[in-house]
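As given, the protein sequences belong to chains A and B, one line each in that order. Going by my numbering, the first sequence wraps up at 325, each residue one higher than the last. Going by my numbering, the second sequence wraps up at 590, each residue one higher than the last. Beta carbons are placed, not taken as given, at the ideal position from N, Cα and C, and that holds for glycine. What you are looking at is a predicted structure, and each value in this text was computed from that prediction instead of being measured. Just below is one structure, and these are the notes that go with it.
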Amino acid sequence: MDKLLRLIGQRLGLGLLTLLVVSVLIFSAVELLPGDLAEAVLGQAATEETVAAMREQLGLDRSAPVRYLEWLSGAVVGDFGNSLISGERVSDAISERFSNTLMLAAYAAVIAVPISILLGIMVALLRNTLFDRVANVMTLTSISSPEFFLGYILILYFSVKTGWFPAIASQMGDTSLGDYLYRTFLPALALVLVVTAHMMRMTRAAIINLLASPYIEMARLKGVSPLKVIVKHALPNAWAPIINVVALNLAYLITGVVLVEVVFVYPGIGQLLVDAVAKRDFAIVQACCLIFAATFILLNLAADVGSILTNPRLRHPK
Amino acid sequence: MSNPKKEVLLKIEGLKIQGFTDDVWIDIIKGVDLILHRGEVMGLIGESGAGKSTIGAAAMGYARDGTRIAEGSIEFDGMELTTATQVERRALRGSRIAYVAQSAAASFNPAHKIIDQHTEGPLQYRLRKRMEAQEDAMDLYQRLRLPNPREIGFRYPHQVSGGQLQRAMTAMAMSCRPDLIIFDEPTTALDVTTQIEVLAAIRDIVDQFNTAAIYITHDLAVVAQMADTIKVLLKGEEVEEAATEEMLEAPKKDYTKSLWAVRSFQRPQKARPADGSEAVISVKGVDAAYTGGAKVLDDVSFDVCAGMTVAVVGESGSGKSTTARVITGLLPPSKGEVLFKGEALPPSFRDRSRDQLRQAQMIYQMADTALNPKVRISDVIGRPAEFYSGLTGAALKQRVDELLDLIELEPSQYYNRYPPELSGGQKQRIGIARALAAEPAFIICDEVTSALDQLVAEGILKLLDRLQRDLDLAYMFITHDLATVRSIADEVVVMKNGQVVEQGPKDEMFRPPHHPYTDLLLSSVPEMDPNWLTTLLEERGVDNIGEAARTGQRAP
């Protein structure tokens, strides 16, 4: 167990280092963009003097490394500065949006992860049958269609034609959980359709990969039923790749859902980011990017730890 | 009680099994008959590809993926398995017919405790409750002389040694007290000293419960200890069948005779040159350890002279392969040095010159994995020739042809082929040619014949011997097979736990008195005498036969 803790510590440290590198990249990428906020805000009224005055007011006249360090020291304690447009604190602007995104991601994940693993087990059991092929074609179709298109199809059938679910998920405020789940069902479903195929196919592949192992043949020759062979003998050894692909998809659910948010007018962090880029609100852009990077790093760390915990050789050393 | 051995338990008639290769079904078992009585042990022997394992699986009504039972009948205790339903067949497996696989390490599920895998069968068939099944497992562990029988089952497979796992697997096969057990090469992956324990345990338990068994192996000496009757197979067909003693004394068919005679090859032993010329390779006082690990070599010293073969023997984990890694510079020693013709070699291969590197080459145990399947034979052999000798174009082609000639493969036929198209023996020959391409003075042969059938292995040994004479090569022969040592070695180094326990000329090593460990190693090599195991166990003071009487028979 000590070994595990040390490993988690090491990975966390490495993750922080990665995050630092990412912060440099984000900051320099934003620096490289042509034009700055002062010019953008002033627009037609930008004369040399007004731009210079604006820059001074915003602190843009100082050198890039100085501004980077200032930004970084704030970011470490959770202060990402103020929005350059609205003057609102970035952390305030982001926190609500981010928790909305997390809610939606969790909603989709709670449906998608069990379904795809169950489906994966079933298609592994019934491999090369009609069921296997149909499941494959359907999930592949859903992953191959652009998610905004899926979103519109869902709206067309479940909202416009039948009227079962609302097409827009924007009215938030004080809604009960049930109401929330009802309102956000369509965007969640769109996300489920997008991520299921990947996880299901990985589960199938990871299990089938093991079916040629001597210990699987041994289980069969002990008279173990086909379902038990897969669930009890193959699955416990297949967790590592499955966990990794689940983590990857969870990261996607948090960081890659802009289009779905736009289609369903859902106030998530993706929309905020797109707005901020359009308005050159770099404080928010930088903060969002850093949060996305941290999400990826944390989920990958979780996947690594999960793989280790499911490996009996590492869990029970000699 | 009427003679139980007269009751037919398993009757296979005209069995044909097909395998699916290159889009067609090909016969791999071509009409085999087999009759096994209750309590009888039949040995199935033959080389790889003879279909032994396939027949073993078929006796359970099981066809491996990519094979099918095409024709014939398999009747187990009055039940026809070829026409039975999946569910009926499955109900026999584990309960009435059990299976013991070749590699227990691979056949135990790494994710579950040993005892949970043991009790899976009895629980599934509702023969015992969990606690009873666990008690029974511990009882069987004790009968199989596993250490800590009450505790060992609660470990995971990777926490237990190979020999112990193999015994635990035999115990698992016994968990439902089956009528028939299929042993599929159960000791092939074990050291000779461990093999003895497992053989004794298997024979013991089969005797105690009067279980019938099919014992599959390619090792004649082993089958002689275990079987009442022996059936010899060749390419999916029966060659002959007879009672063990009869078969050993008077085999009828030529093929069987050739199998029996296989270890006849023995070349004359050479002595060290009298002029006291320098050894080609000289290992001096070497200690070595893997990063962060304990010492795996402790003060290892020996010499290998030109034109001579030094066999390094010992159990797995004794440090044989580590010594090879130190010599080739893959693992720099923590103490001591390796001399080449009297000159110290840099500890790491990185610091050795190209000429120093060329002098020591390796041939590996698994030719399968040591050859890149996507590289043509001409390149496999051509690259080292190009790298070390700078040959190109026509000169390189000529050199490759020469090398193929040397290993007795027709150049024009093999030049453009890929390793997967070759047989095991041919692949090993390519491995030899690759080592020769560097024009070395010294070759390390790491278990080069242990993955091969005996006839093929003999061919490889003869080839190595001829090459040694023609090219004046020095060999270091790593092996755990003492028959190989007997046929090819001039000197023997016995290793245990990273130390050299004894070394000297071969004839001295095979003649007493020995270091006790050498003794143990030598006496553990199975002999063709069917009474060898019994005699040996008596000598060692293990009362093999008496144990059944002592623990008493338990009804299933």
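- Message: Assuming residue 123 of chain A and residue 203 of chain A are in contact, meaning their beta carbons sit under 8 Å apart, how far apart are those beta carbons, in whole angstroms?
- Response: Yes, residue 123 of chain A and residue 203 of chain A are in contact; Cβ-Cβ is about 5 Å, under 8 Å.
- Query: For residue 240 of chain A, which three-state DSSP category applies?
  - Reply: helix
- Item | chain A contact for residue 124 of chain B (CB, 7 Å cutoff) | Yes, residue 124 of chain B lies at the interface with chain A (some Cβ there is under 7 Å from its Cβ).
- Start and end of the beta strand (DSSP E) containing residue 172 of chain A? Segment: none, residue 172 of chain A is in no beta strand (DSSP E) and carries neither H nor E.
- Using a cut-off of 9 Å between C-beta atoms, extract the partners of residue 228 of chain A located in chain B. 91, 94, 96, 127, 128, 131, 132, 133, 135 and 216
- Look at the Cβ atom of residue 267 of chain B, then the Cβ atom of residue 458 of chain B, and state whether they are nearer than 7 Å. no
- Pair every Cβ in the segment 23-33 of chain A with every Cβ in the segment 307-322 of chain A, then say whether three or more of these pairs are closer than 8 Å. no
- Query: Expressed to the nearest angstrom, what Euclidean distance is found between the alpha-carbon atoms of residue 53 of chain B and residue 106 of chain B?
  - Reply: 15 Å
- Check whether the segment 119-134 of chain A touches the segment 210-219 of chain A, taking contact to mean three or more Cβ pairs, one atom from each stretch, closer than 8 Å. By the criterion of at least three beta-carbon pairs nearer than 8 Å, the segment 119-134 of chain A is in contact with the segment 210-219 of chain A.
- Using a C-beta to C-beta distance shorter than 7 Å, which residues of chain A count as neighbours of residue 447 of chain B? Near residue 447 of chain B there are no residues of chain A at all, since even the closest Cβ is about 32 Å away, more than 7 Å.
- Query: In the DSSP assignment, what residue or residues form a beta bridge with residue 71 of chain B?
  - Reply: B:42
- Item | Nearest neighbour of residue 259 of chain A, chosen from A:232, A:60, A:233 and A:307 [CA to CA] | From the listed residues A:232, A:60, A:233 and A:307, the smallest Cα separation to residue 259 of chain A is found for A:307.
- Query: Within 10 angstroms of its Cβ, does residue 595 of chain B collect 16 or more other Cβ (buried), or is it exposed?
  - Reply: Nothing can be reported for residue 595 of chain B: it is not among the residues displayed for chain B, which extend from 35 to 590.
- For chain A, is any of its Cβ atoms less than 7 Å away from the one on residue 144 of chain B? At least one chain A Cβ lies under 7 Å of residue 144 of chain B.
- Task: Could you tell me whether the segment 218-225 of chain B touches the segment 187-204 of chain B, where touching means 3 or more Cβ pairs closer than 8 Å?
- Result: yes
- Message: Less than 7 Å between the C-beta atoms of residue 332 of chain B and residue 462 of chain B, yes or no?
- Response: No, Cβ-Cβ distance for residue 332 of chain B and residue 462 of chain B is not below 7 Å.
- Item | Residues near residue 274 of chain A in its chain [Cβ-Cβ closer than 7 Å; skip 5 each side] | 104, 107, 177 and 179
- Message: Between the segment 237-245 of chain A and the segment 271-290 of chain A, can you find at least three pairs of beta-carbon atoms closer than 8 Å?
- Response: Segments in contact, no.
- Below 8 Å between beta carbons is the criterion; list the residues of the segment 243-255 of chain A that meet it against any residue of chain B, in chain order. 243 and 244
- Are residue 178 of chain B and residue 235 of chain B close, meaning C-beta to C-beta below 7 Å? yes
- Can you pull the chain B residues whose beta carbon is under 8 Å from the beta carbon of residue 1 of chain A, in chain order? It is not possible to answer for residue 1 of chain A, since the shown part of chain A is limited to 8 through 325.
- Message: the ligand SAH and residue 167 of chain B: does the residue's C-beta get closer than 6 Å to at least one heavy atom of that ligand?
- Response: The ligand SAH is not part of the structure shown, which contains no ligands of any sort.
- Which value, in whole angstroms, describes the spacing of the CA atoms of residue 584 of chain B and residue 319 of chain B? For residue 584 of chain B, the pLDDT reaches just 35, beneath the cut-off of 50, and the residue's location in the model is therefore unreliable, leaving the point undetermined.
- Query: So, is residue 165 of chain B buried or exposed, given that buried needs 16 or more other C-beta atoms within 10 angstroms?
  - Reply: By the neighbour-count rule (16 or more Cβ atoms within 10 Å), residue 165 of chain B is not buried but exposed.
- Nearest to residue 95 of chain A (by Cα), restricted to the options A:174, A:299, A:83 and A:283: A:283
- Task: Can you tell me which of the three DSSP states residue 128 of chain B falls into?
- Result: coil
- Message: Against chain A, with Cβ distances strictly below 7 Å, would residue 140 of chain B count as a contact?
- Response: yes
- Query: Would DSSP call residue 138 of chain B helix, strand or coil?
  - Reply: Assigned with DSSP and collapsed to three states, residue 138 of chain B falls in helix.
- Item | Neighbourhood of residue 279 of chain B by C-beta distance below 8 Å, restricted to the same chain and skipping five residues each side | In its chain, beyond the 5 residues on either side, 564 have a beta carbon closer than 8 Å to the beta carbon of residue 279 of chain B.
- Please classify residue 256 of chain A: is it buried, with 16 or more other beta-carbons within 10 angstroms of its beta-carbon, or exposed? Residue 256 of chain A is buried by the Cβ-count criterion.
- From this set, B:418, B:74 and B:516, which residue's C-alpha is nearest residue 42 of chain B's C-alpha? B:74
- Distance, residue 154 of chain B Cα to residue 227 of chain A Cα: 12 Å
- Query: With respect to the alpha helix (DSSP H) encompassing residue 37 of chain A, which residues constitute its N-terminal and C-terminal limits?
  - Reply: 9-39
- Task: Sort A:18, A:70 and A:82 by Cα distance to residue 292 of chain A and report the nearest one.
- Result: A:82
- Message: Within 7 Å of any Cβ in chain A, is that where the Cβ of residue 155 of chain B sits?
- Response: yes
- Query: Which chain B residues are close to residue 231 of chain A, counting only those with a beta carbon under 9 Å from its beta carbon?
  - Reply: 124, 127, 128, 154, 155 and 158
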